[in-house]
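> Mind looking over this structure? Questions follow.
Protein chains: 2
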Amino acid sequence: MIVWHQGALRPVEATRIDPTDRGLALADGLFETMKARDGRILRLERHWLRLAEGAKLLGIPLPLDETGLAAAARELLLANGFARGEAALRLTLTRGPAPRGLLPPERPTPTVLLTAFPLPEAPPPARAVLVKSVRRNEHSPTSRIKSLAYLDQILALREAIAAGGDEALLCNTAGRLACASAANLFLVVDGRIWTPAPSEGALPGVTRAVLLERARARGLLVVEAELPRHLLARAQEAFTTNALSGLRPIASVDGFAFPEPCPGPITRRLAELLEAE
Amino acid sequence: MIVWHQGALRPVEATRIDPTDRGLALADGLFETMKARDGRILRLERHWLRLAEGAKLLGIPLPLDETGLAAAARELLLANGFARGEAALRLTLTRGPAPRGLLPPERPTPTVLLTAFPLPEAPPPARAVLVKSVRRNEHSPTSRIKSLAYLDQILALREAIAAGGDEALLCNTAGRLACASAANLFLVVDGRIWTPAPSEGALPGVTRAVLLERARARGLLVVEAELPRHLLARAQEAFTTNALSGLRPIASVDGFAFPEPCPGPITRRLAELLEAE
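If you're matching them up, the sequences are chains A and B in order.
Using numbering that gives the first Met the number 0, the final residue of the first sequence is 276, and nothing's skipped along the way.
Using numbering that gives the first Met the number 0, the final residue of the second sequence is 276, and nothing's skipped along the way.
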């Protein structure tokens, strides 16, 4: 595997992250997971905007621009044999190496790492588990940026798997629905489509945003709101979205299937809307 | 600087963290910050127990034991000129390199990194700020382990500094007092000593535990409890504790000084208790 690190392409074995990097020491950084096709990042502008907003919140200077990222991705995809077809990319941005302590250095030298992977196969419909051990913190601005601090999501997924599922649904600290382990959550209730608002601890997902726009443009009612847990029991369909898997239907929650066949009619229609160029 | 990494001593410039390390990618790991004296880790057994509990929660196998850590620390301190006198140590444990994705590998190869630093000078009494932008998530088990996911604490400290202070006090999601940026919080109210309970989102600090034990052994009343924010206004004294700074008096919160001179009489007595061997 060849990776792009600080402006250069190198085999991963020859690429060194400094042991004092604040990304490693304190999760002081951000990432983006992106889909690429024929050497190009899909929805690059949206991913870039979200990264830039996160970097602004954290006070991390961006050492490249959107055009630079596109060029790096092109080189990296070519070097890894992904010049044609689909692939996955991960961009990691950290505040870089620094002396010990919480206080960020005044003049950081950020780390930028771009890696490419085969696009994972489309997963089967999710057997979701509403997890109990951990809640999403809607009282932190880090719930609305794609930060490196993903440990809560890992714990949630581990709980779901231990309970026999393959995806986790998280409530926020108020006990309302927030998100899936690494995806946004949508419910279909009596023909309306509901999704937790970012103020509820939902990451403003890129695929989520595209879905909201396209659905609304077709006159489908999609509401960003506070969703009580018991709405799960009233839903006819449910699904998640993220950049790599696109739309993934949810077959069941805690072993209970939704009334509609999976994927249900509205889920199928939204999946088609998403897949259209 | 010489670091100890995967069992070997090496200059930091020659030490390579893999770009796919889950500690960097997802904050999937733990750390301990410890004080050393004359080549030995102080309160090693307590630090080790906390690390082991965190590793158990995360399902990360421990690739060394307490004796191994003591030996590694001795070698490292010697190599960095800290064989005599005091120094600071940081142990970082991650789930190690892995393919992309949230799901932990079944057989991880954990990363263990031990670094040594000069002991920071004792900071002046804190000018604390009760931060508004971020709250501690007491609904996550990661609030009770020393995980790598420290970004919320960084944001809190940045807010405190922007407001003219030098330390942050965080509330939990219920709006009650939880902790300082990288330290436990104590208030003295009418002769009683109060500290947020771990169920409130307070990390079970090693220095905190020693203080609780020693104070109680002298008949001083120390209560772990739910502390409403307004208790700050009723406190005569306040201080924080952590492994490196020991006990640090708080001079003021949001610009308001406490009624007792700083450090107050009970704070001074507890500092003496802590310093005794």
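We put the beta carbon where it would ideally sit given N, CA and C, even for glycine.
Assuming Leu129 of chain B and Leu168 of chain B make a contact with CB atoms under 8 Å, what is their CB distance in whole Å?
Confirmed, Cβ separation roughly 5 Å.
> Return the Cβ separation of Phe185 of chain A and Thr194 of chain A in integer angstroms, given the expectation that the two are a contact with Cβ distance under 8 Å.
Going by Cβ atoms, the distance from Phe185 of chain A to Thr194 of chain A rounds to 5 Å, so yes, they are a contact pair.
> For the alpha helix (DSSP H) holding Lys34 of chain B, just list the boundary residues, first then last.
It is not in any alpha helix (DSSP H) - Lys34 of chain B instead sits in the beta strand (DSSP E) that spans 28-36.
> Can the beta-carbon of Gly53 of chain A be found less than 8 Å from the beta-carbon of Lys131 of chain A?
It is not a contact, given that the beta carbons lie outside the stated cut-off.
> Please state if the CB of Val187 of chain A and the CB of Gln235 of chain A are separated by a distance shorter than 8 Å.
Going by C-beta atoms, Gln235 of chain A is nearer than 8 Å to Val187 of chain A.
> Taking the DSSP output, what are the residues bridged to Ser251 of chain B?
DSSP lists B:Arg126, B:Ala256 as partners of Ser251 of chain B.
> Leu63 of chain B touches chain A at which residues, Cβ-Cβ below 7 Å?
The premise fails here: Leu63 of chain B is roughly 17 Å from chain A at the closest Cβ pair, so nothing lies under 7 Å.
> Which residue or residues does DSSP assign as beta-bridge partners of Val222 of chain A?
In DSSP, Val222 of chain A forms a bridge with A:Trp193.
> Can you pull out the residues from the segment 3-17 of chain A whose beta carbon lies closer than 8 Å to at least one beta carbon of chain B?
For the segment 3-17 of chain A, which is checked against every Cβ of chain B, the residues closer than 8 Å are His4, Val11, Thr14, Arg15, Ile16, Asp17.
> Give, in chain order, every residue of the segment 73-104 of chain B whose Cβ lies closer than 8 Å to some Cβ of chain A.
Flagged, chain order: Ala87, Arg89, Thr91, Thr93, Pro98, Arg99, Gly100, Leu101, Leu102, Pro103.
> Apply the 10 Å Cβ neighbour rule to His46 of chain A and answer buried if 16 or more other Cβ atoms are within range, or exposed otherwise.
Counting Cβ neighbours within 10 Å, His46 of chain A comes out buried, since at least 16 surround it.
> Can you give the Cα-Cα distance for Met0 of chain B and Cys170 of chain A, rounded to whole angstroms?
Distance between the alpha carbons of Met0 of chain B and Cys170 of chain A is about 44 Å.
> The beta strand (DSSP E) with Ala237 of chain B in it runs from where to where?
Counting along the chain, the beta strand (DSSP E) containing Ala237 of chain B begins and ends at 236-241.
> Only counting the same chain, and skipping five residues up and downstream in sequence, which positions put a Cβ closer than 8 Å to that of Val133 of chain A?
Here the set comprises Asp151, Leu154, Ala155, Glu158, Leu169.
> If you measure from the beta carbon of Ile153 of chain B to each beta carbon in chain A, is any gap under 8 Å?
Cβ-Cβ to chain A under 8 Å: yes for Ile153 of chain B.
> Taking the alpha helix (DSSP H) that Ile153 of chain A belongs to, which residues open and close that run?
Where Ile153 of chain A is concerned, the enclosing alpha helix (DSSP H) stretches over 150-161.
> Nearest to Leu243 of chain B by CA position, among B:Thr110, B:Ala26, B:Ala121, is which residue?
The option with the nearest alpha carbon to Leu243 of chain B is B:Ala121.
> Return yes when the Cβ of Leu101 of chain B is within less than 8 Å of the Cβ of Glu65 of chain B, no when it is not.
Contact: no.
> Provide the residue span of the beta strand (DSSP E) that contains Val188 of chain A, from first to last.
Its beta strand (DSSP E) spans residues 183-188.
> Taking the alpha-carbon of Asp189 of chain B as reference, which of B:Leu272, B:Thr32, B:Pro264 has the nearest alpha-carbon?
Here the closest residue by C-alpha is B:Pro264.
> Please tell me whether Pro248 of chain B and Pro124 of chain B are closer than 8 Å, where the distance is taken between their beta carbons.
Yes; because the gap between Cβ atoms is below 8 Å, this pair is in contact.
> Starting from the beta carbon of Arg106 of chain A, find every residue of chain B whose beta carbon is closer than 9 Å, and list them in chain order.
What Arg106 of chain A touches in chain B: nothing, since even the nearest Cβ is about 15 Å away.
> Would you mind sorting Gly37 of chain B into buried or exposed? The rule is 16 or more other CB atoms within 10 Å of its CB.
Looking at the sequence itself, residue 37 of chain B is Asp, so the reference to Gly does not match. Asp37 of chain B is exposed by the Cβ-count criterion.
> Grab me the residues of Trp3 of chain A's own chain with a C-beta within less than 6 Å of its C-beta, minus the 5 sequence neighbours each way, in chain order.
Same-chain partners within the cutoff: Ala71, Leu75, Leu113.
> Pick out whichever of B:Arg106, B:Pro104, B:Gly174 has its Cα sitting closest to the Cα of Glu137 of chain B.
The option with the nearest alpha carbon to Glu137 of chain B is B:Gly174.
> Which residue wins for smallest C-alpha separation from Val209 of chain A, given the options A:Ser180, A:Gly200, A:Thr240, A:Glu199?
Nearest of A:Ser180, A:Gly200, A:Thr240, A:Glu199 to Val209 of chain A, Cα basis: A:Thr240.
> Would you identify the three-state DSSP class for Glu271 of chain A, choosing helix, strand or coil?
DSSP places Glu271 of chain A in helix when its eight states are reduced to three.
> Counting contacts by CB-CB distance shorter than 8 Å, is Val205 of chain A in contact with chain B?
Not one chain B Cβ lies under 8 Å of Val205 of chain A.
> Name the residues in the segment 107-123 of chain A whose C-beta lies less than 8 Å from a C-beta of chain B; which are they?
The segment 107-123 of chain A vs chain B, Cβ under 8 Å: Leu112, Thr114, Phe116, Pro119.
> Measuring CA to CA, which of A:Gly28, A:Leu92, A:Leu269, A:Leu226 is closest to Ala216 of chain A?
Cα-wise, what sits closest to Ala216 of chain A is A:Leu269.
> Could you give the residue range of the alpha helix (DSSP H) that holds Ala216 of chain B?
Start and end: 205-216.
> Mind checking which residues open and close the beta strand (DSSP E) that includes Thr66 of chain A?
First-last for Thr66 of chain A: 65-78, but that is the alpha helix (DSSP H), not the beta strand (DSSP E).
> Determine contact between the segment 222-234 of chain A and the segment 15-32 of chain B, defined as no fewer than three beta-carbon pairs at a distance below 8 Å.
Touching, no.
> Express the C-alpha separation of Ser180 of chain B and Pro203 of chain B in angstroms, rounding to a whole number.
Looking at the two C-alpha atoms, the distance is approximately 14 Å.
> Indicate whether at least one CB of chain A lies closer than 8 Å to the CB of Ser139 of chain B.
Cβ-Cβ to chain A under 8 Å: yes for Ser139 of chain B.
> For Pro18 of chain A, which option in A:Phe30, A:Ala97, A:Pro62, A:Gly254 has the closest C-alpha, if you only look at C-alpha atoms?
Residue A:Ala97 is the option with its Cα nearest to Pro18 of chain A.
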